[in-house]
Ligand SMILES: [Zn+2]
Ligand SMILES: [Zn+2]
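In this note's numbering, the protein residues as written are -6 to 217.
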């Protein structure tokens, strides 16, 4: 399974000129060229910038309706191009081609429908957990069955006392999650970084290296 990050930024990147160094589009990802997670407003701009083709997108799924993750014009354009929107509820399960996708409620209550996805292609399993603070108990139970990669929310850097910890993770929360999940999950990747709560991408990579946590950047392709 292949994941390509179209965007890795949080909502506070809105209005920032894409020309600034270290720019991040709103968080969105493509699996194996055919499954798109989160039709946010930047999807087409990003696909053009990084040469990530969207012409074979067959299914579009959405974590939640916050405007950095869902844009109706983007969705309509993808649907016009032949994609189908698969509207997951929470605790839903669908088979899409060779993929089995399970959705679980996320701790992201500023949006009532927020969910995370376990995506299996029959060989590898990817858990996509943006947005959300920490993980719920039933997510832990599912992850105990094993996963090859987890993509975790890291909106907040190492800013102490930030009120957003009740809807997003800071870096210490990510480190703690890894300590508890590492018997079951092979690789840890962070995404959804806020502009105002992080330094440079390079600095963040350096910070997370000791804990074997990878940092996503726009245009990055990883093999799960
Ligand atoms: Zn977001
Ligand atoms: Zn959100």
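Where is the CB? At the ideal position from N, CA and C, for every residue including glycine.
inquiry  = Whether or not the region 152 to 171 and the region 91 to 98 are in contact is what I'm after, with contact meaning three or more pairs of Cβ atoms, one per stretch, closer than 8 Å; do they touch?
reply    = no
ask   = Between residue 50 and residue 79, is the Cβ-Cβ spacing less than 8 Å?
value = no
task = Assign residue 86 to one of two classes, buried (16 or more other C-beta atoms within 10 Å of its C-beta) or exposed (fewer than that).
result = exposed
query = With DSSP run on the structure shown, which of helix, strand or coil describes residue 105?
reply = coil
task = Mind the definition here: the region 9 to 17 touches the region 52 to 60 only if three or more C-beta pairs lie below 8 Å; say whether that holds.
result = no
key: Given residue 142 as reference, the closest of 71, 116 and 153 once Cα atoms are compared   = 116
task = Just the C-alpha distance for residue 132 and residue 97, rounded to the nearest angstrom, thanks.
result = 7 Å
query = Mind checking whether the beta-carbon of residue 191 lies closer than 7 Å to any heavy atom of ligand 1?
reply = no
message = As an exercise, report each continuous beta strand (DSSP E) stretch of at least 3 residues that is fully enclosed by the region -1 to 76, in chain order.
response = 21 to 24, 28 to 30 and 52 to 54
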